[in-house]
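The opening position of the sequence shown corresponds to residue 1 in UniProt numbering, with each subsequent residue numbered one higher.
Quick notes on the structure that follows.
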Amino acid sequence: MTVATEPTTGAVPPPSKEDVITVNKMNKWYGNFHVLQDIDLSVRKGERIVICGPSGSGKSTLIRTLNRLETYQSGEVYVDSILLGDDVKNIEAVRREVCMVFQHFNLFPHMTVLENLTLAPIWVRKMPKKQANELAMHYLERVRIAEQAHKFPGQLSGGQQQRVAIARSLCMQPKIMLFDEPTSALDPEMVKEVLDVMVELAKEGMTMLCVTHEMGFAKEVADRVIFMDAGQIVEMAGPKEFFDNPKSDRTKLFLSQILSH
Ligand SMILES: Nc1ncnc2c1ncn2[C@@H]1O[C@H](COP(=O)(O)OP(=O)(O)OP(=O)(O)O)[C@@H](O)[C@H]1O
Ligand SMILES: [Mg+2]
């Protein structure tokens, strides 16, 4: 493991050993637009964090900084004590530990489900093909879709494709999984099958950060719920406290809008 040696500000203590993610006073701009403002966040191993907030509040941008799909301009992000900055070796090390599941699955359409799953283990992890196939079948069974292994993504429903995308991430045996609205592109009847898989993962102890408006999921599995608005973390609390006793007016307004649907 590469241990952080050069924090960008030098003013912040190193991350606690218990934290797998530490974000210190992180700021990001798109041109003049201050999209993430003084973000502080610590995530312990095995914690399940749900992030919600209005459209454009910076939720996707925040989780994308955690595997360097987005850069940031000040502050620090540590993943497993590795400083995520410009150092390419550190970026590669973090990406070995963090996988992301997107709203639109991002499967390769010209490859079968099995080929989608074995691509990275074979080419990135240098795993022999037979072993990669076994690993892929193991995770396809776990997301209850093994019988679809030889189909192409376009032959599957949205819910099935999203479960394939989750299995593909699991094949990289990540320490942390990031989900960016994994169910929001799905027809309502397919949401549950994907959430069920995510609930199982959560209960098995995967460290998860999940952007979602599925408040039932948040209540069932989240250790903490984060509410973001206008690039800031406005509120962060356990689910009971968050839903029963929200502190900020912005959180109250958001919850009244989302829970009235
Ligand atoms: N590449 C970019 N260049 C400039 N502005 C961007 C870029 N990506 C996002 N933004 C802006 O940054 C803000 C935050 O975007 P982000 O995608 O993080 O929001 P979000 O909370 O995930 O919203 P949603 O719920 O709609 O997914 C938005 O105002 C968006 O328009
Ligand atoms: Mg988003």
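Quick reminder that beta carbons are idealized off the backbone N, C-alpha and C, glycines included.
All figures in this text were calculated on a predicted structure; none of them were measured in a lab.
Within the chosen limit of 7 Å, ligand 1 reaches the beta carbon of V35 through at least one heavy atom. Membership of I176 in the beta strand (DSSP E) is indicated by the continuous run 176 to 180. Note: T22 is bridge-paired with S42, Y78 in the DSSP secondary-structure output.
By a beta-carbon distance limit of 8 Å, V35 does not contact G53. Their separation comes to about 13 Å. Around the beta carbon of I258, fewer than 16 other beta carbons lie within 10 angstroms, which makes this residue exposed. Comparing alpha carbon positions, the residue from F227, E241, A146 closest to L253 is F227.
Contact between A149 and L140 is confirmed by a C-beta separation of about 6 Å, below the 8 Å threshold. Secondary structure of T112 (DSSP, three-state): coil. The Cβ atoms of L201 and A165 lie no closer than 8 Å to each other.
Straight across, the Cα-Cα distance linking Q37 with L195 is about 30 Å. Counting along the chain, no alpha helix (DSSP H) covers M228; the unbroken beta strand (DSSP E) around it starts and ends at 224 to 229. For E47, the three-state secondary structure derived from DSSP is coil.
Assignment of beta-bridge partners to K28 by DSSP yields L36. If you draw a 10 Å sphere on the C-beta of F33, you find fewer than 16 other C-beta atoms in it, and that means exposed.
Counting along the chain, I63 sits inside no beta strand (DSSP E); it lies in the alpha helix (DSSP H) bounded by residues 59 to 65. Between the C-alpha atoms of I176 and M208 there is a straight-line separation of about 6 Å.
Minimum Cα-Cα distance from P182 among the listed residues V50, G31, L84 corresponds to V50.
If you ignore the 5 residues before and after E97, its C-beta comes within less than 7 Å of the C-beta of V79, D80, P174, K175, I176, all in its own chain and listed in chain order. Taken from the Cβ of E214, every heavy atom of ligand 2 lies 7 Å or farther away. Distances taken from the Cβ of T65 to the heavy atoms of ligand 1 include none shorter than 7 Å.
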